[in-house]
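Worksheet for the structure shown next.
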Amino acid sequence: MNLNERHADFFERVFDIVRLIPEGRVTSYGAIAKALGTPSSSRMVGWAMNASHTQSGIPAHRVVNRNGLLTGKMHFNPPEEMENRLKSEGVDVVKDKVIKFNELFWDPMQELGW
DNA sequence: AGCTTGACTTTGA
DNA sequence: GTCAAAGCCAAGC
Numbered sequence: 003m004n005l006n007e008r009h010a011d012f013f014e015r016v017f018d019i020v021r022l023i024p025e026g027r028v029t030s031y032g033a034i035a036k037a038l039g040t041p042s043s044s045r046m047v048g049w050a051m052n053a054s055h056t057q058s059g060i061p062a063h064r065v066v067n068r069n070g071l072l073t074g075k076m077h078f079n080p081p082e083e084m085e086n087r088l089k090s091e092g093v094d095v096v097k098d099k100v101i102k103f104n105e106l107f108w109d110p111m112q113e114l115g116w
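Per the numbering used here, the first sequence starts with residue 3, numbered consecutively.
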């Protein structure tokens, strides 16, 4: 199935993309928003992630802001869970920031061939 | 129906 | 390099 299903809720579309993020890679809210077709609604992506707690299998820790900063870490169960998960996947995090973010960045549109 | 809020991004000074 | 302001659109109240 793909994300072209217009019947899917906004949240579901976001979740679908986040689920596709490979291990050890990260992406930004804006990139996901752009993949959804609404580049300017990056804030909605973050908000959708807020509902990601209700579902499992959503690697929300792989979604950071444009600067590679773990802006959403405080929304995790223990806030340090986000950083820990990233590190366990081989992503270096220092001061709430992803190192080599530019290399680890995973663009949904580019990787999915959109 | 209207107003506020938000895990953001871009632009301009 | 920093900081402030505006734009964005869905959900909640």
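C-beta atoms are modelled at their ideal positions from N, C-alpha and C, and glycine is treated no differently.
Output yes or no for whether 8 Å exceeds the beta carbon distance between residue i and residue j.
i, j, result
"E23", "R64", "First, the residue type needs correcting, since residue 23 is Ile and not Glu in the sequence shown. Yes, Cβ-Cβ distance for I23 and R64 is below 8 Å."
"I34", "P110", "yes"
"A62", "F13", "no"
"V96", "K89", "no"
Where residue i and residue j are concerned, what is the direct C-alpha to C-alpha distance, given to the nearest angstrom?
i, j, result
"R68", "S30", "5 Å"
"R45", "S54", "14 Å"
"R87", "V20", "15 Å"
"G59", "V93", "19 Å"
"N52", "H77", "8 Å"
"F41", "V47", "Reading the sequence as shown, one finds Pro at residue 41 and not Phe. Going by the C-alpha atoms only, they are around 10 Å apart."
"Q112", "S43", "19 Å"
"P32", "E83", "The sequence shown places Gly at residue 32, rather than the Pro named in the question. Roughly 23 Å between the two C-alpha positions."
"D11", "L106", "28 Å"
Please look up how many angstroms separate the CB atoms of residue i and residue j, rounded, as I've assumed it's under 8 Å.
i, j, result
"K75", "E85", "6 Å"
"V16", "L38", "7 Å"
For residue i, which residues of its own chain have a beta-carbon under 6 Å away from its beta-carbon, when the five flanking residues on both sides are left out?
i, result
"T73", "N67"
"N104", "none"
"N6", "Because N6 sits at a pLDDT of 48, beneath the cut-off of 50, its placement in the model cannot be relied upon, and the following sentence gives the value as read from the coordinates. Excluding positions up to five away in sequence, the list is empty."
In its own chain, which residues sit with a C-beta less than 7 Å from the C-beta of residue i, not counting the 5 before and 5 after it?
i, result
"W108", "I23, P24, R27, V28 and T29"
In chain order, what residues of the same chain lie with their CB nearer than 8 Å to the CB of residue i, ignoring the 5 residues before and after it?
i, result
"K99", "N69, G70, L71 and L72"
"L114", "L22 and A37"
Can you tell which of the options has the C-alpha that lies nearest to the C-alpha of residue i?
i, options, result
"T56", "S42, N79, P41 and T40", "N79"
"W116", "D18, G32, K36 and D11", "K36"
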